[in-house]
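Throughout the sequence shown, residue numbering follows the UniProt record's numbering, covering 250 to 615 in sequence. Glycine included, each C-beta is placed from N, C-alpha and C at the ideal position. Treat the numbers as computed from the prediction; the structure is a model and nothing was measured. First comes the structure, then the notes that go with it.
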Amino acid sequence: EKGGYDHFMLKEIYEQPSVIKDTYRGRLLADKGIIKLGGLEEYIPKFINADRIIIVACGTSWHAGLVAEYIFEDLARIPVEVEYASEFRYRNPIITENDVVIAISQSGETADTLAAIKLAKEKGAFVYGICNVVGSTISRETHSGTYTHAGPEIGVASTKAFTTQITVLTMIALKLAQVKGTISKSDYMMHLRELDMIPTHVAAALKSNDKIEEIAAVFKNATNFLYLGRGYNFPVALEGALKLKEISYIHAEGYPAAEMKHGPIALIDEHMPVVVIAINSNHYGKVVSNIEEIKARKGKIIAVVTEGDTVVRELADYVMEVPKTPESLTPLVTTIPLQLLSYHIAVMLNKNVDQPRNLAKSVTVE
Ligand code: M6R
250 EKGGYDHFML KEIYEQPSVI KDTYRGRLLA DKGIIKLGGL EEYIPKFINA DRIIIVACGT
310 SWHAGLVAEY IFEDLARIPV EVEYASEFRY RNPIITENDV VIAISQSGET ADTLAAIKLA
370 KEKGAFVYGI CNVVGSTISR ETHSGTYTHA GPEIGVASTK AFTTQITVLT MIALKLAQVK
430 GTISKSDYMM HLRELDMIPT HVAAALKSND KIEEIAAVFK NATNFLYLGR GYNFPVALEG
490 ALKLKEISYI HAEGYPAAEM KHGPIALIDE HMPVVVIAIN SNHYGKVVSN IEEIKARKGK
550 IIAVVTEGDT VVRELADYVM EVPKTPESLT PLVTTIPLQL LSYHIAVMLN KNVDQPRNLA
610 KSVTVE
C-alpha cells in the first residue's frame with residue numbers, strides 16, 4: 250500500500266508530479282489558452298465583482314492560502330485577506346454579501362474551517378471550497394468549489410495536498426485575471442505553459458533527494474531551525490518550518506527574510522541552521538544580503554537555489570536546486586526540497602513520520 254516506499258509521506262511526496270497533473274487534467278489546456286473549472290464558471294462574476302476575497306483555512310492549507318494571496322493580488326488584482334479559520338470565527342469579523350470566501354481543506358472535515366464557513370454563509374457571503382476528500386463535509390457545506398484530485402493523503406504531514414491546492418488556486422487566479430483583463434495575453438499564455446511544465450520541474454527537484462538526505466544527516470541534531478523566504482516564498486518558509494516541527498519535533502520558525510533584522514537575527518550563531526529560499530527572483534539581491542548577514546554571524550546556510558545559480562552557491566554551506574519557473578509558480582517547486590529535508594531528519598531521529606505524536610489527520614475538534 251505504500252508502493253515500495255518506507256512511509257506514506259515519502260510516497261506522497263513522490264506522487265506530486267503525477268497528482269499535480271491530475272489536478273489540472275482536463276481543466277488546463279495550455280496550447281489553447283483555456284482554463285476551465287466546472288465549479289467556477291458560473292460564479293466568475295461573483296469573484297470579479299467581490300469587494301475582496303477572504304481565505305479561511307488551518308495549518309498547511311492556510312499556507313496555501315497565503316501563497317494564493319500573492320497570486321490573486323498580483324495577477325487578478327483582487328484584494329485578498331487570509332485568515333486562520335479559528336481566529337476568523339471568534340472575532341466578530343466584518344463580512345458582507347459582497348465578499349467571496351474561499352475555504353481550503355484537504356480533509357474537508359476541519360472543525361474550525363467548517364465553523365468559519367457557517368459564519369460566512371450566515372452573513373450572506375458566497376463560499377467556495379477547495380477540498381481533496383470528495384463528498385467531505387466542507388465540500389457539501391460550500392456553495393461551489395473545486396476538488397484537488399490529489400488522491401488519498403495518509404501521512405499526517407500534508408505534502409501533495411499543499412501543492413495541488415496551490416495548483417487549483419493558481420488556475421482560479423489565472424482565469425479571473427484573464428476575464429478581468431488584468432493579465433496580458435502573452436503573460437497569460439506563458440503562465441499556462443509554465444504551469445503545464447510544473448510536474449516535470451517537480452520530478453527534477455525530487456532528483457536531489459540523495460543530496461538532501463546528506464544535508465539532513467549533518468543537521469539532524471540541531472535544536473532550532475530558521476526558515477526564511479520573501480514574496481511568494483515567504484509562505485513556503487512557514488510551510489517548511491511547520492513540516493519540520495510536526496514530524497521531527499525540532500523547533501523551527503518561518504519568517505519573511507526581511508523581518509530578520511527586527512528580532513530573529515539575535516538568535517543566530519554557529520548552532521543555528523538557516524534554510525533560505527534564495528531562488529532567482531525579484532528578491533534575489535535582497536536575499537543574498539540576508540544570507541551575508543547570517544554568514545557574518547556564523548549561521549549555517551542551507552539554500553534553495555535555482556538550477557545553475559552561482560552567487561548563493563558560493564555563500565551557502567549547502568544548496569538544494571530547483572528548476573527555473575516564473576516567480577508566481579515557484580512555491581510549487583521550492584516546497585519539494587523542504588518536504589524531503591524534514592522527512593529525512595525525522596526518519597534519522599527515528600520518529601513516527603506518518604503519525605506524529607499529538608496530531609491527527611483531520612482535526613475535528615475546535
Ligand atoms: O484537512 P485540512 O487541510 O483542513 O487540515 C488543516 C491542518 O490541520 C493540516 O494542514 C495540518 O496543519 C497538517 N498536519 C500539516 O502538515
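Legend entry - Rounded straight-line distance, which links the Cα of Lys-251 to that of Leu-286: Position 37 of the sequence shown, counted from the start, is the residue given in the question as residue 286. Position 2 of the sequence shown, counted from the start, is the residue given in the question as residue 251. Approximately 31 Å between the Cα atoms of the pair.
Legend entry - residue 247 CB to nearest heavy atom of the ligand M6R below 7 Å: There is simply no residue 247 to check, as the chain begins at 250 and stops at 615 in what is shown.
Inset, instruction - Out of Leu-608, Pro-586 and Ile-320, point me to the one whose CA is closest to Gln-265's CA. - result: Indexing the sequence shown from 1 puts residue 265 at position 16. Checked all of Leu-608, Pro-586 and Ile-320; the closest Cα to Gln-265 is Pro-586.
Inset, instruction - Report yes if the CB atom of Leu-516 is closer than 8 Å to the CB atom of Ile-432, and no otherwise. - result: Working through the sequence shown from its first residue, we reach residue 516 at position 267. Working through the sequence shown from its first residue, we reach residue 432 at position 183. No, the Cβ-Cβ distance between Leu-516 and Ile-432 is not below 8 Å.
Legend entry - Cα-Cα separation, Ile-594 to Glu-556: Translated into the one-based positions of the sequence shown, residue 594 becomes position 345. Translated into the one-based positions of the sequence shown, residue 556 becomes position 307. So the two alpha carbons sit approximately 24 Å from each other.
Inset, instruction - Say yes only if the C-beta of Gln-265 is nearer than 7 Å to one or more non-hydrogen atoms of the ligand M6R, and no if none qualify. - result: For the purposes of this step, residue 265 is taken as residue 16 along the sequence shown, with counting starting at 1. Not under cutoff, so the answer is no.
Legend entry - Complete runs of the alpha helix (DSSP H) confined to the segment 338 to 415 [at least 4 residues]: 360 to 371 and 386 to 390
Legend entry - Cα-Cα separation, Glu-570 to Thr-449: Residue numbering aside, residue 570 sits at position 321 when the sequence shown is read from its first letter. Residue numbering aside, residue 449 sits at position 200 when the sequence shown is read from its first letter. Roughly 14 Å separates the two Cα atoms.
Legend entry - Sequence-distant residues of its chain with Cβ nearer than 7 Å to Ile-351 (five each side left out): Mapped onto the sequence shown, residue 351 falls at position 102. The answer, listed in chain order, is Ile-302, Ile-304, Tyr-377 and Ile-379.
Legend entry - Proximity to Lys-456 [Cα-Cα], best of Gly-282, Leu-589, Met-597 and Val-614: Along the sequence shown, read from residue 1 onward, the residue named residue 456 stands at position 207. Ranking the options by Cα distance to Lys-456, first place goes to Leu-589.
Inset, instruction - Could you please go through the chain and list the residues whose beta-carbon is closer than 7 Å to any non-hydrogen atom of the ligand M6R? - result: Ala-306, Cys-307, Gly-308, Thr-309, Ser-310, Ile-353, Ser-354, Gln-355, Ser-356, Gly-357, Glu-358, Thr-359, Thr-362, Val-405, Ala-406, Ser-407, Ala-410, Leu-491, Lys-492, Glu-495, Leu-608, Ser-611 and Val-612
Legend entry - One or two residues paired with Leu-418 in a DSSP bridge: On the sequence shown, residue 418 is found 169 positions in, with the first residue counted as 1. Bridge partners of Leu-418: none, in fact.
Inset, instruction - Could you tell me which uninterrupted beta strand (DSSP E) segments, each at least 3 residues in length, are contained entirely in the segment 451 to 501, listed from first to last along the chain? - result: 473 to 478
Legend entry - Same chain, Cβ closer than 8 Å to Ile-293, five either side skipped, listed in chain order: Taking the sequence shown and counting its residues from 1, the one referred to as residue 293 is at position 44. Here the set comprises Lys-424, Leu-425 and Val-428.
Legend entry - First and last residue of the uninterrupted beta strand (DSSP E) at Ala-552: Position 303 of the sequence shown, counted from the first residue, corresponds to residue 552. 549 to 555 is the extent of the beta strand (DSSP E) around Ala-552.
Inset, instruction - Look up Pro-505 in the DSSP assignment and say whether it is helix, strand or coil. - result: For the purposes of this step, residue 505 is taken as residue 256 along the sequence shown, with counting starting at 1. Strand, per DSSP.
Inset, instruction - Quick one: using the 10 Å Cβ neighbour count with 16 as the cut-off for buried, is Asp-558 buried or exposed? - result: Translated into the one-based positions of the sequence shown, residue 558 becomes position 309. It counts as buried.
Inset, instruction - Indicate whether His-312 and Leu-487 have their beta-carbon atoms separated by less than 8 Å. - result: Taking the first residue of the sequence shown as 1, we reach residue 312 at position 63. Taking the first residue of the sequence shown as 1, we reach residue 487 at position 238. Cβ atoms of His-312 and Leu-487: closer than 8 Å.
Inset, instruction - Would you be able to state if there are at least three C-beta pairs under 8 Å between the segment 561 to 577 and the segment 494 to 511? - result: no
Inset, instruction - Starting from Ala-317, trace the beta strand (DSSP E) both ways and give me its first and last residue. - result: Your numbering for residue 317 matches position 68 in the sequence shown. First-last for Ala-317: 308 to 320, but that is the alpha helix (DSSP H), not the beta strand (DSSP E).
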